[in-house]
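Reviewing the structure listed below.
In full-length UniProt numbering, the protein residues as written are 1 to 68.
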């Protein structure tokens with residue numbers, strides 16, 4: 001692992017984008033249950049990875065049951 005970048009949306013820590021030297025890509029390490037589907041997903045750049053993680057997180061919030 002060369003370096004990593006934290007990914008959070010609206011103050012919620014969702015995971016980490018890990019730069020892999022051997023693949024020249026970013027691998028996502030999911031820490032939040034709502035984005036587990038993207039765990040270990042590889043993408044060529046941070047903005048693309050961030051957009052996918054944010055989209056999945058926001059979709060999960062819309063589908064979550066509302067509590068009183």
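Idealized CB from N, CA, C, for every residue including glycine.
Remember, predicted model here, so these are calculated numbers, not experimental data.
Of the residues the options, the one placed nearest residue i, counting alpha carbons only
{"i": "residue 25", "options": "43, 38, 57 and 32", "result": "43"}
{"i": "residue 64", "options": "34, 19 and 45", "result": "34"}
{"i": "residue 21", "options": "40, 51, 3 and 36", "result": "3"}
{"i": "residue 48", "options": "60, 28 and 58", "result": "28"}
{"i": "residue 60", "options": "19, 37 and 6", "result": "37"}
Proximal residues to residue i (C-beta, below 8 Å), its chain only, five neighbours per side dropped
{"i": "residue 8", "result": "14"}
{"i": "residue 50", "result": "7 and 17"}
Bounding residues of the alpha helix (DSSP H) (the contiguous stretch that carries residue i)
{"i": "residue 54", "result": "46-63"}
Cutoff 7 Å; reference residue i; Cβ partners in own chain excluding five residues on either side
{"i": "residue 54", "result": "9"}
N- and C-terminal bounds of the beta strand (DSSP E) containing residue i
{"i": "residue 11", "result": "Taken as a continuous stretch (DSSP letters only), residue 11 belongs to no beta strand (DSSP E), as it is neither H nor E."}
Simplified DSSP assignment, three categories, for residue i
{"i": "residue 37", "result": "helix"}
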